[in-house]
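**Student:** So the sequence shown is residues 268 to 724, counted in this note's numbering.
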Amino acid sequence: MYDSKENTQGGIIVDYLDRLSRFVVDTSCDDLSEEAIMAVRNVTLDTVGAIIAGSHESENADFAQTMSKRSGPGTATILGHGLTAEPMMATLVNSTAGVALEMDEGNRFGGGHPAIHTLPGALAVAEEMGASGRSFIEAVLVGYEVESRIGGATKARDNVHSHGHWGAVGTAAAVAKLRGHSANDVRSIINLAASMSPANTWTTAFKGATIRNLYPGRSGFHGILADHLHACGFTGLDDAPSDVFGTIIGESFDTDAVVNGLGGEYRIQQNYFKLHACCRYNHPVLDAVMQATASSDFQTDEVEAVDVSVPSMLQGMLGEYPENMLAAKFNVPYAVAAALVHRRTDITVFRPQVIGEQDVRSIADRVNVSIDPTLAISGAIPLTTATIRLKDGQRLSAETRLVRGDYGNRIPQDELVEKFSFLTGEILGHVCAEDVISAVSDLENLNDIRALTEILG
């Protein structure tokens, strides 16, 4: 376990970046618990599923073709297309596809969505190297940890989106681990990556501009690029995360928070898996709404109004009725209305044809969202409530604190597998999807990660 304060080793001051870099170097699959390895397997399956599912959105399919044609040596797989590209290009395409449907995992302790920012780059470089499954596990785990911790230590500015900012350092750490770099080199590569972190706002998500989906892809590209820049002799700041995340992207950056508890339970073990195909800010509301409707078979025209109380909310998620799929995923009234009309919250209810349904629009107009800060202090985890008022006077109410699929409220393993099969079955074919599930379940025993990537094309 690493403490947070600076200390000295042989008269040399060791700061948070030294400790983080040493953690990257020292982490070994031999020392990981079965629970930690299982967490990496689960995150791998879930993230690969999100990428493949999003890969056939029209813009992503065209992007895959474009990047494959314009790429150099095709040493890394573009998932879902049977195409290859240079690892930076493959990462750009795969990470972009992975957020298109809003099904990628995340972490409420920091870093937004660490896996989609870290795993694609690790997979692409590991494939090019012919790395073992164990080496891949190590890379994903340390990359995830670095990103989550640096993200969690950043007090982001209000309109800073959770995508893109910390991804470059996560991918950089993962790639540095695969390359077998020293702690000093890891530190240098993290610093180079941090200085390439983009500044991305929430506005594109609220408006449904799909350039927003490039944020994780671009950061993964930069994470791999940082390793190449280091090899070329480029230099970075001595503490680039503090410079970038403490002055531009964030209002402050807490270096102590980066390493507090480092070496304990890994962040990848503390993640959440998405069961609703939309922004995480919708999920407590949707859990409550689905609970409230579970024991009733009322019809849509019987609904008078829906009252939702949340401890906080991004104002952009309470905006006008969405005009497209991405905007719908970042709109609370729409998400609630679609859930009530269709009694489901998967990718099908955020498609344009559902957005155009008059029943959904009508209910959305009657969703009232109130922000009650006292709900945030009502327990260790904030409370969210939902009440469906019917025209006959009935009130159907429910509340939620910890969303299903989150750390502390885990779903059964077979439900995670079912999610993967649902998202990928039509694209991969059910036989191939089962082969992927089998390969990931044996990840630590793969002699070459290409045993997995060759069936992801």
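Beta carbons: idealized from backbone N, C-alpha and C, even for Gly.
Owing to the predicted nature of the structure, the values given are computational and were not obtained by experimental measurement.
If you follow the alpha helix (DSSP H) that Ile492 is in, where does it begin and where does it stop?
**Tutor:** Here residue 492 is Leu; the residue named in the question, Ile, does not match the sequence. From DSSP, the alpha helix (DSSP H) with Leu492 extends over 481-499.
**Student:** So the candidates are Val360, His697, Ala653, Asp632; which of them puts its Cα closest to the Cα of Ile638?
**Tutor:** Of Val360, His697, Ala653, Asp632, the residue nearest in Cα terms is Ala653.
**Student:** Taking only three categories from DSSP, how would you classify Ile383?
**Tutor:** Ile383: helix per DSSP, three-state reduction.
**Student:** Could you tell me which residues DSSP pairs with Val575 in its beta bridges?
**Tutor:** Note: Val575 sits in a beta bridge opposite Val636, Ala653.
**Student:** Report yes if the C-beta distance between Leu607 and Ile630 is below 8 Å; otherwise report no.
**Tutor:** Against a cut-off of 8 Å, the Cβ pair of Ile630 and Leu607 comes out as a contact.
**Student:** Taking the beta carbon of Glu518 as the centre, do at least 16 other beta carbons fall within 10 Å, making it buried, or is it exposed?
**Tutor:** When all chains shown are included, Glu518 counts as exposed.
**Student:** When the Cα atoms are used, what is the spatial distance from Val291 to Leu299?
**Tutor:** So the two alpha carbons sit approximately 13 Å from each other.
**Student:** Indicate the three-state DSSP secondary structure (helix, strand or coil) for Gly278 in the structure shown.
**Tutor:** Since pLDDT at Gly278 reaches only 45, below the 50 mark, its modelled position is unreliable, and the value read off the structure follows with that caveat. Reduced to three states, the DSSP call for Gly278 is coil.
**Student:** For His323, which residues from the same chain have a beta carbon less than 8 Å from its beta carbon, with the 5 sequence-adjacent residues on both sides left out?
**Tutor:** Excluding positions up to five away in sequence, the list reads Gly347, Ile694.
**Student:** Taking all protein chains shown into account, decide if Phe687 is buried (16 or more other Cβ within 10 angstroms of its Cβ) or exposed.
**Tutor:** Looking at its Cβ environment, which holds 16 or more other Cβ atoms inside 10 Å, Phe687 is buried.
**Student:** What are the boundary residues of the alpha helix (DSSP H) that includes Ile456?
**Tutor:** From DSSP, the alpha helix (DSSP H) with Ile456 extends over 450-461.
**Student:** Under 8 Å, do Val577 and Ala420 count as touching if we go by C-beta distance?
**Tutor:** Not in contact: Val577 and Ala420 (Cβ atoms no closer than 8 Å).
**Student:** Along the chain, where does the beta strand (DSSP E) containing Gly517 start, and where does it finish?
**Tutor:** Run containing Gly517: 517-520, per the beta strand (DSSP E) assignment.
**Student:** Quick one: what's Glu427 bridged to in DSSP?
**Tutor:** Here residue 427 turns out to be Val, not Glu, going by the sequence shown. Answer is Thr468.
**Student:** Is it buried or exposed for Pro600, if we count other Cβ within 10 angstroms and need 16 for buried?
**Tutor:** Pro600 should be labelled buried.
**Student:** State buried or exposed for Ala605, treating a residue as buried only when at least 16 other CB atoms are found within 10 Å of its CB.
**Tutor:** Buried is the call here.
**Student:** What residue range is occupied by the uninterrupted beta strand (DSSP E) comprising Ala343?
**Tutor:** Run containing Ala343: 343-345, per the beta strand (DSSP E) assignment.
**Student:** Please check the pair Thr651 and Leu642, which I expect to be a contact at CB under 8 Å, by giving their CB distance rounded to whole angstroms.
**Tutor:** Right, the Cβ-Cβ distance comes to about 7 Å (below 8 Å), so this counts as a contact.
**Student:** Count the CB pairs spanning the region 470-483 and the region 401-421 that are closer than 8 Å, and state whether there are at least three.
**Tutor:** Short answer: they don't touch.
**Student:** If you follow the beta strand (DSSP E) that Glu666 is in, where does it begin and where does it stop?
**Tutor:** It spans 662-667 - the beta strand (DSSP E) in which Glu666 sits, taken as one unbroken run.
**Student:** Within a Cβ cutoff of 7 Å, which residues of the same chain sit near Gly487, ignoring the five residues on either side of it in sequence?
**Tutor:** Correct list, in chain order: Thr358, Leu359, Ser362, His384, Pro387, Gly388, Gly434, Thr438.
**Student:** So what does Leu350 bridge to, in DSSP terms?
**Tutor:** Paired residues: Ile345.
**Student:** Hey, out of Tyr674, Gly316, Ile404, whose CA is closest to Asn714's CA?
**Tutor:** The candidate whose alpha carbon is nearest that of Asn714 is Ile404.
**Student:** With H, G and I counted as helix, E and B as strand and the rest as coil, what does DSSP make of Thr691?
**Tutor:** Here Thr691 sits in helix by DSSP.
**Student:** At which residues does the alpha helix (DSSP H) containing Glu412 begin and terminate?
**Tutor:** Residues 400-419.
**Student:** Can you tell which of Leu690, Thr514, Glu372 has its C-alpha closest to the C-alpha of Gln536?
**Tutor:** Considering only alpha carbons, the answer is Glu372.
**Student:** Tell me which residues share the same chain as His697 and place their Cβ nearer than 8 Å to its Cβ, disregarding the 5 neighbours each side in the sequence.
**Tutor:** Contacts found: Ser688.
**Student:** Taking the Cβ atom as the reference point for each residue, do His497 and Leu459 lie within a distance shorter than 8 Å?
**Tutor:** Closer than 8 Å, so yes.
**Student:** I believe Gly349 touches Ala317 by the beta-carbon criterion, under 8 Å. Please report the beta-carbon distance rounded to the nearest angstrom.
**Tutor:** In fact, because the Cβ distance is near 19 Å, the residues do not count as touching under 8 Å.
**Student:** By how many angstroms is the C-alpha of Leu669 removed from the C-alpha of Ala647?
**Tutor:** Straight-line Cα distance between these residues: approximately 10 Å.
**Student:** Specify the secondary structure class of Lys541 as computed by DSSP and reduced to three states.
**Tutor:** Lys541 falls in the coil class under three-state DSSP.
**Student:** Since Leu683 and Phe540 are thought to touch, with beta carbons under 8 Å apart, how far apart are those beta carbons, to the nearest angstrom?
**Tutor:** Leu683 to Phe540, Cβ: 6 Å. Contact.
**Student:** Who are the near neighbours of Ser271 in its chain, counting only those whose CB is closer than 7 Å to its CB and skipping five residues on each side?
**Tutor:** With a pLDDT of 44 at Ser271, under the threshold of 50, the modelled position of that residue is not reliable, and the figure given next carries that caveat. Excluding sequence neighbours, Ser271 sits near Asp523, Val526, Asn527.
**Student:** Leaving out the 5 sequence neighbours to the left and right, which residues in its chain are closer than 8 Å to Val436 when beta-carbon positions are compared?
**Tutor:** Counting only Cβ-Cβ distances below 8 Å, and skipping sequence neighbours, we find Val413, Glu414, Ile417, Ile457, Ala460, Ala461, Ser464, Gly490, Pro508.
**Student:** Let's see if you can read the secondary structure: which residues bound the alpha helix (DSSP H) around Leu581?
**Tutor:** Run containing Leu581: none; DSSP gives neither H nor E here.
**Student:** Check whether the region 303-311 touches the region 389-408, taking contact to mean three or more Cβ pairs, one atom from each stretch, closer than 8 Å.
**Tutor:** Taking 8 Å as the limit for Cβ pairs, the verdict is that the region 389-408 does touch the region 303-311.
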